[in-house]
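Visitor: Have a look at this one.
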């Protein structure tokens, strides 16, 4: 007889909980007033947990949310990550019904199925900061509704996901991932001064790019630059490095630089598992 599968763990302020966490009357539910992180679990250990939790604390400061003690956060993430060898740990900070009544939720998710190729539809994103500084610029808040609408529109149009651009045609990011491409052997990616998300996976990929001595350029690029690239890819927690094979009517092949980066990223994962 097979042993029973244990329920996916949910901790609320460090205590085991059911799925009903936030009141329907809380600002977190009614207005998306909160922040979050999602980190990948490899070999039972959360990948790059430290940088993820650093970013969570920065987002919380932008929202005037009190974060738990860092040692507690570390412990809760490790507890949930131990649920299985491969998965995702999500950390959410939000508000209860009363001022100062904050909740930290740490939960397990299975990794959603992702294809090994992706097709993107270009979408103008007038809601994106696109280089304009404001109070929540660069924060990873819960308010993702415009991004999710872009994803649904892209899927309705027959694509897998969206590529967000500014109103003047500057390449930004995907709804839940960063983007990069290769032109004449140079790895190029939008720069953080556009107030795209400072993706943790993007950081690791840039380190891999450096380790492999691949020329690199971060900057502000118009859409034509990406459309003229030799290779293109998305970068993120669940998709890792996934080759882009179509961007609107432009088709790409998964090229040698992308293959080297995928291999280098896998080595980084193995090093993290071996060092845990």
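Numbering (my numbering), first residue to last: 44 to 319.
Glycine included, each C-beta is placed from N, C-alpha and C at the ideal position.
(1) What three-state label does DSSP hand residue 47 in the structure shown?
(2) Where does residue 110 sit, in a helix, a strand or coil, going by DSSP?
(3) Along the chain, where does the alpha helix (DSSP H) that runs through residue 307 open and close?
(4) Cα separation between residue 59 and residue 52?
(5) I'd like to know if the region 232 to 248 and the region 86 to 96 are in contact, where contact means that at least 3 CB-CB pairs between them fall below 8 Å.
(6) Would you report the Cα separation of residue 230 and residue 312, rounded to the nearest angstrom?
(7) Note the first and the last residue of the continuous alpha helix (DSSP H) segment covering residue 276.
(8) Can you tell which of 260, 99, 106 and 304 has the C-alpha that lies nearest to the C-alpha of residue 178?
(9) Give the single residue among 232, 192, 150 and 96 whose Cα lies nearest to the Cα of residue 260.
(10) For the alpha helix (DSSP H) containing residue 197, list its first residue and its last residue.
(11) Tell me which same chain residues have a C-beta within less than 8 Å of the C-beta of residue 144, skipping the five on either side of it?
(12) With which residues is residue 284 paired in a DSSP beta bridge?
(13) Buried or exposed: which applies to residue 292, given that a residue is buried once 16 or more other Cβ atoms fall within 10 Å of its Cβ?
Guide: This is what the structure holds:
(1) With a pLDDT of 41 at residue 47, under the threshold of 50, the modelled position of that residue is not reliable, and no figure is offered here.
(2) coil
(3) 299 to 318
(4) 7 Å
(5) yes
(6) 21 Å
(7) From DSSP, residue 276 is part of no alpha helix (DSSP H) but of the beta strand (DSSP E) over 274 to 279.
(8) 106
(9) 232
(10) 188 to 199
(11) 138
(12) 278
(13) exposed
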